[in-house]
Structures are given as structure tokens and as C-alpha cells.
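Quick note on this note's numbering: the sequence shown kicks off at 7 and runs consecutively. Let me begin by presenting the structure, written as C-alpha cells, before commenting on it.
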Amino acid sequence: MSGLLSKFGFAVEELKPKKGGQPVHGSSIPLILPNDLKYNASTGAVEKIQDEQRATLHGVPQALELLEGIEEPVSVISICGPCRTGKSYILSRLLGTADAFALGHRMDPQTFGIWMGTKVLRGKDFTIVLLDTEGIDAISASAGQDASILVMTILLSSQLIYNSLNVPYKGDLEKLQCFVQLASGITVKKGKGQDVSAFREFFPDFLWLLRDVALKMEDDDGKEMTPTEYLVLNGNPNAFEESKSDKVGRAILTFFPSVECAILVRPSGDTEVMKNIAQHKDNLIPEFNKGVDELTETLLLKARTKKGYDKASTVNGVALSIMTKGYLKAVNDPNAIPALDNTWQNTIEVMRGRAIEEVVAEYNKQMQAKVAEATKNGIPLEEDGPSPDKKQPSTLMDLHNAAFKDATAMFVEKVGHFGISSEKQGPQERNAVVDQMQKRLVQREERTVEFVAEDGIIQKKKGSFVTGGELHQYIQANKQHSWSFCQELFEYLFDPIRKHALSPPSGYDFKQLMKELDHARQQYNEQARGPEKWVVLKEMTKTIEKMKVDFEKIKGYQKEVLEEQQKVQAAEVKAKEQAREMQQLINQAKDREKAQQETLQKVLQQNKEQMETMKQQETERLRQEEKKVQELKDARREEQAQREKLTKKYNYQDRSEREHAKMMEVMMGMQQQQTEMNRHMLDMMGRVMEKTAAPPAPHMPGVHSKFGFKVEELKPKKGGKRVKGSSIPLILPNDLQYNASTGRVETVQGERRESAQIVPEALELLEGIEEPVSVISICGPCRTGKSYILSR
């Protein structure tokens, strides 16, 4: 089977619990259980809850956690149907094994609720998840509980397999009344009237799998039909009233986007093998194994990503888990109806919230690592603009932009498949989603900054500053680092000047003081780093102002020169600070606009790619469907051509051929007469042998005579017409009649079935039995071998 899976690009892979999660026992786990059962994670077994009556359904946390580990889109293949029909075995074979899902070997059902495989089929574009369901008509479940399981299965599935035994008959369809009730059990859009055709857009593909089929499927004319034709076309269009089975059939054809039928022969005629077919794969009939492989090919070929409610939306494992919880809540509430749009919207909101939290965590992880690496030499970062240090070219905003870009890509990957472009909100919704994510990382506030232009005129500039979000904490931490670093540098550079001012060395004068102050400022300008550089430099001016008393003691002190220099330097510091603020203002505004546009572009691009992918998948699917239809048409044309060829051949016969045919007809008549004579001779010999104590009839020696019975043919009354064949209709519907000449039953043209009638020839045979009688009758579903039992 591995070769078959790889042919379609799939590989079997085991689901792992989240880090720190408890490992799962076995190859399947219950996803949904009735409230009277619970899952024991330690043993992997399902246990009965004492004194609890089955009434509702609940999700199993361990299974939901496994689902949430699938971040890529999923396709869900589910199987449902009557108990004890081999549903679990089919899903196990899809995984390349025979017992991935628990197989029952007793009359009691083994599967309760809905079970999920702990192994999935991982593909390039999506991952296939397999769901096994509790049998419809299980003794432990009521009809309403069956319907709840069916509704949940349909809502979660991409492909639904309905598994039943043998060729479907009316009883099979009448058992599926829950399909008719689907329209009242589910709504597409909350608060809106039902448009039944809308279900087709969101419901899974439907495949009816018929098991242990040995009989041919034929139409009323005896012509062989394909399984799909039999399912779709085998109705009674002339019926005056629509029967229950017709309603079910119509519901299936209406609700599901595609309806197909497939058959599997009985796996083995050996009773011991059938008791546990998982252990006897090599002993199964080759035709059965071939049928399973063909079924697998069909399912993989039709596999498609599960769609959400919005256009171009797809469902991943996390979303499926959230949707499961939402649908369960609605199914368990007798006053609620599962609404596809409402559940989808709630799922999106939860998913977006989770995605934002995960993006924030990833952003912080990256920023902490990047800042630690960039400042490992102890030097703070420039907040924005070009860095003056070639050894440290990155600014804090450079690091933020890199982390923000990665976080955005992660966010788009997590929520892009939800089809943010909904008909309801369109671009506004996209902007709101992007804005919500960005505000968690960066919050900005518009401000106006005054600055002196080159012409000396004071001007104002509008822009934005970071005031909140995750980035703000890194800006504040970097400012604190910058303050400490620059303050330490200032003290280091100014300390010698302070000492000289307090205790001037010999020959130290005002000129030398000014030289040292200029040198200290120059060194500070070159070595100071970070956004607090100019703020700390302002402290130098205040310090010099405080030390004026000490400076006056220095030889050659000039008060005017010092004050003028301070004014110039103060103006320079102010200009530098204003320039930094203005540049930051402009850069932040640009970053904000750029980030939003890039994020929106990524979301739109992903939606576009998803639409294209889904379009390609749908095109391929339609191509395969058309191919099947064409093959069917070609086969019919070939059959018609063969018939026409034969007709032409017989019409072309010359006179001698017709005479030859006539002669053959005479010979056939003679042969039939001879056969009839032989039969009479055998009857005579039988009576002679009976009188001479011959052994019992060869077809059942000893059994009849053991109980004192013998086989005897009924004869018509004297002068009556001999009956053809070994059986005759006793009672027929009024639209049929018995032809005594041919022994056949014929349709009465223009007659509608309304009553029953007695066949005179059969009554005449009955009246020939003068002794008391015992009547053995047999009844039951069509095509179940009743006639064979009576013949034996």
C-alpha cells in the first residue's frame, strides 16, 4: 500500500502530542464520546461512567490536542453506516495496515462516538485525517443520538463513506431518515431561511460503499448497471407518491456535491478467516484486495482540502479542533442548531487570537535574541537612522523590522487560509485583522515636532512615535541602557576636568580648561551611543554652570567666552535632538505604512494563491469526473456498435442462411421433444425404482426419508395444461400477468400497481392436493438468497 500512497504524494505519519503532552496509546483515539463514556489516557481504553444515562456528546481533550498539532490544511475522510459492517477495517487499510482502528469480532459494537486515527496521510498541500464512527442503529444509541453522530461526522468531513452490506434495497434507504432531517438539524447561515442547495457547497463528497456484493446490479430491462448508476438512477419515477426511500435518495443527491457508489466482494468464504480478517490478509480473496486498492485510489484522487465558510478559506487541524467544540455545543443544546457561518466566524476569532499570541511570543523570542547578540559588547543600540558605528551597523528599529517581518509571515501563514476576504467585510476586515496584530507589536501616536529650517524659520512636522506594544519595552530598555552608558562615559571624560578645576595644577589656565572641555565634548560625541546621547550631554552644560565658581579661580578666566561657548553648544545639542526626533518621526510613519502594506499584500497574495490552488484542484477533480463519464459513454457506444453490427449481420443473411436457420429451429424443436420424452422416461424409472425400494433422491440423500418425506411433482387436474418450470406464481400484483404457455411473468401495459391477484393455474395445482398441508414460506430483503434456500 505504501507504493499506492506515494503514487499520490502521501506518506503515513504519526501525530505527536504537544511538548510536555502525554503520549497516546494505540493507533486510534476517540475524538467524540457519549457522555456515559470516558477516555482513560493512561490505558488508552474507554470506560463506562456508572449511573450515567447517554444523552449528549463530549470532545476528548487528548484527541483535540493531537488535532491542534496539524498546522497545515486538512482533508477529513470519515466512514459511517450500520454496525458490524467492517467500517473500521476499511480505514485501517487506507493507512496501509489492517488494524489501525479497533475491529470487533463479536456481535457487540466496538466503536462508540467518533474515533480519529493517530496516524495521518501527510501530503504536499494537505494532511488527510481519518474518522471512524459509531454504527447507525447501535443498540446503545437512540435515533436522535444516531442523528447527532451523523451531523457531527458530516460537518467535520471532506469525504463521507456510507458503508453497508450488499446491494441497497428500500429498507436500507428507509433507515437513513436522518439524512432527510439534515436540513432541519443544520443551517448554513444563522437567522436565514434554508436554501438546501447551499449545503452542497460545504458538505463532503458522498460515497456509498456496498460490502460483500455477489449479485449483479441490473435495471428493469436486465441490463447491467455501474454501482453509481444503480444508486443514482434506481428509483421509481412513475410512483404516485414519493416513498421514504425516494426521499432519502433525493436528500443524498441534494445535500452532497458528488454522489458515487463502489462495491467490494466478500473478503473470504472461510468462516475462521472472517472472524478476524486483520490477521488473514494473505488469505483474503484477491478480488477483494484489488477492490480495496481501487477504493483507496478513488478516495486519494478525490481528496481535497476541507473548506471553511468564507471563500478561499481552508481548515487546518487547529481550526477543526475549535469547530468540533463549537458544533458539539450546538448539537448538545436542544434549542440550538449548528450554523456553519456562526461556527466558522467563532473559529476564526479564536484562531486569530491564538495566532496573535503565538506571533507575539515569537517576536519577543527573536527580539531578545537579536538585542542580546547586538549589545553583547555592552554598547547600546541607536534607536533609528544610520548607525555611526561600523562594528555595530544595526539599529534597534532594524532588529524590530527583521523580527516584525518574520512575525508577519508567521501570522499570514496561520490565518491566511481562513479567507479573510469575506463577502461581508472585504478590505475593512483585512485591515482590521492586520491592524489588530500590528498593534500588539507596535502602537504609534501621531505627534507634531517643531524644528528650525535652514532659512532660520521654525517649522512643524507631523509624524508618529511608538507609545505602546511589544516594541515599546525594547525602546525603553534601550533608552535606559543608553542613559547609563552615556552617563558613565560623561563621568569618565569630565572627571579629570573637575579635578583640575578644584585643584588647578601649576601653569594650568583658562585656555587649557577650554581646550579640555572641547576635547571631552568631541570624545563624547564620538563615543556616546543610543537615544539618550543628547539628553546626557545637556547634563554637561548644567555641570559646567554649577562649577563656574571653581572656574573663576583659574588663571585668565573669561566669563563671556565660557557663556558664549555654552550657548553655542546648547543650541547645537537642541538642534541635534530636534533632528533626531524629526528623523524618528518620519521613519516611524514610513515604517508603519510600509509594514501595513506589506502585511496586507502578503495576505492578499496568500488568498490569491489559495484561490488558484483550489481552482486547480477543482479543475482536476472535474477533469477526472468528465473522464469517468466519457469512459462510460464510450463503453455504451461500443456496446451499441456491437449490437448494430450483429443486427446488420443477421439482416444481411441470404435466403440459404434463413433456410438454414429454419432447419436449425426444427432441429431444436425435435431436441426439445426428445428432452421431454427423456424426462417422462426418467419419471417412469423413478416410480419403478421407488416401488423396488430405491435410495432417496440424489440431491438430498437420507434427509427427507429420515423424516418420512419424499419429493413429488404436482400434476394438474385431468385435462389441465401442464405447468412449465419448477415454480409458479400463486399471487401477483395487478400490473403483472402469468403466461401459462411460456411459464413467464409479463408486464401489463398501462397498469399501475394497486392490488393483488390470484393465478388460476397455481390454484388448480393446489386443489389437486386432497390431504392436509403444511406451508413453509420465506421472506426478507431482496437479493439475500431466499429462493436458493427453498430450492435446497
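Backbone N, C-alpha and C fix where the C-beta goes; we use that ideal spot for every residue, glycine too. Just so you know, these numbers come straight off a predicted model, no measurement behind them.
(request) Tell me whether Asp-515 sits in a helix, a strand or coil according to DSSP, three-state version. (result) strand
(request) Pull up the CB-CB distance for Leu-136 and Val-18, whole angstroms please, since I reckon it's below 8 Å. (result) So it is not a contact: roughly 11 Å between Cβ atoms.
(message) Is the separation between the beta-carbon of Leu-305 and that of Leu-100 shorter than 8 Å?
(response) yes
(message) Can you confirm whether the segment 368-387 touches the segment 411-418 when touching is taken to mean that 3 or more C-beta pairs between the two stretches lie within less than 8 Å?
(response) yes
(message) Between the alpha carbons of Ile-35 and Thr-49, how many angstroms are there, rounded?
(response) 11 Å
(message) By the three-class DSSP mapping on this structure, what secondary structure does Ser-732 have?
(response) coil
(request) Closer than 6 Å by C-beta to Gly-32: which residues in its own chain qualify, once you throw out the five before and the five after it? Chain order, please. (result) Gly-50
(message) If you measure between the beta carbons of Gly-119 and Pro-67, is that distance less than 8 Å?
(response) no
(message) At 4 residues or longer, what runs of the alpha helix (DSSP H) sit wholly inside the segment 273-360?
(response) 277-281, 292-308 and 323-338
(message) Rounding to the nearest angstrom, what Cα-Cα distance links Asn-244 and Asp-42 in this structure?
(response) Note that Asn-244 scores a pLDDT of 47, beneath 50, so its modelled location is shaky and nothing firm can be said.
(request) Return the bridge partner residues of Asp-138 from the DSSP annotation. (result) Ile-85 and Trp-121
(request) Using three-state DSSP, classify Ile-737 as helix, strand or coil. (result) strand
(request) Give me the Cα-Cα distance between Ile-481 and Glu-538, rounded to the nearest whole angstrom. (result) 11 Å
(request) Go through its chain and collect everything with a Cβ distance to Thr-159's Cβ below 6 Å, but skip five positions before and after it. (result) Ser-84, Cys-86 and Thr-139
(message) I'd like the list of long-range same chain contacts for Lys-542, defined as Cβ closer than 6 Å, with 5 residues on each side in sequence excluded.
(response) According to the sequence displayed, residue 542 carries Val and not Lys. So the list reads Cys-492, Gln-493 and Phe-496, once near-sequence residues are dropped.
(request) Mark Gln-28 as exposed unless 16 or more other C-beta atoms lie within 10 angstroms of its C-beta, in which case mark it buried. (result) exposed
(request) Please go through the same chain and pick out, in chain order, the residues whose beta-carbon is closer than 8 Å to the beta-carbon of Gly-786, but skip the five residues on each side of it. (result) Lys-792
(request) Could you tell me which residues DSSP pairs with Asn-46 in its beta bridges? (result) Ala-51
(message) My output table needs one value for Leu-39: the three-state DSSP class, helix, strand or coil.
(response) strand
(request) Tell me, to the nearest whole angstrom, how far the beta carbon of Arg-217 is from that of Asn-289; I am working on the premise that it is less than 8 Å. (result) Arg-217 to Asn-289, Cβ: 18 Å. No contact.
(message) Let me make sure I understand the geometry here. Which of Glu-77, Leu-72, Ile-134 and Glu-71 has the alpha-carbon closest to that of Leu-97?
(response) Ile-134
(request) For my contact list, Ile-503 and Ala-534 are in at a C-beta cut-off of 8 Å; report their separation, rounded to the angstrom. (result) Between Ala-534 and Ile-503 the Cβ distance is about 16 Å, and since that is not below 8 Å, they are no contact.
(message) I'd like the list of long-range same chain contacts for Thr-311, defined as Cβ closer than 6 Å, with 5 residues on each side in sequence excluded.
(response) Pro-79, Ser-81, Phe-132 and Thr-320
(message) On the criterion of 16 or more Cβ atoms from any shown chain inside 10 Å, does Ile-354 qualify as buried, or is it exposed?
(response) buried
(message) Using only the alpha-carbon positions, how far apart do Arg-450 and Glu-476 sit?
(response) 12 Å
(request) State buried or exposed for Gln-165, treating a residue as buried only when at least 16 other CB atoms are found within 10 Å of its CB. (result) buried
(message) Bridge partners for Glu-752 per DSSP, in chain order?
(response) Gln-743
(request) Name the residue from Trp-121, Phe-107 and Gln-56 whose alpha carbon lies nearest to the alpha carbon of Leu-72. (result) Trp-121
(request) Return the first residue and the last residue of the beta strand (DSSP E) that Ser-170 is part of. (result) 165-171
(message) Assuming Leu-508 and Tyr-530 are in contact, meaning their beta carbons sit under 8 Å apart, how far apart are those beta carbons, in whole angstroms?
(response) Between Tyr-530 and Leu-508 the Cβ distance is about 21 Å, and since that is not below 8 Å, they are no contact.
(request) Thinking Ser-264 and Phe-212 are a contact (beta carbons under 8 Å), I'd like their distance in whole angstroms, please. (result) 7 Å
(request) Pick helix, strand or coil for Gln-479, following the three-state DSSP scheme. (result) helix
(message) Please report the straight-line C-alpha distance between Gly-774 and Ile-269, rounded to a whole angstrom.
(response) 47 Å
(message) The beta strand (DSSP E) that contains Val-265, what's its start and end?
(response) 265-269
(message) According to DSSP, is Phe-14 part of a helix, a strand, or is it coil?
(response) coil
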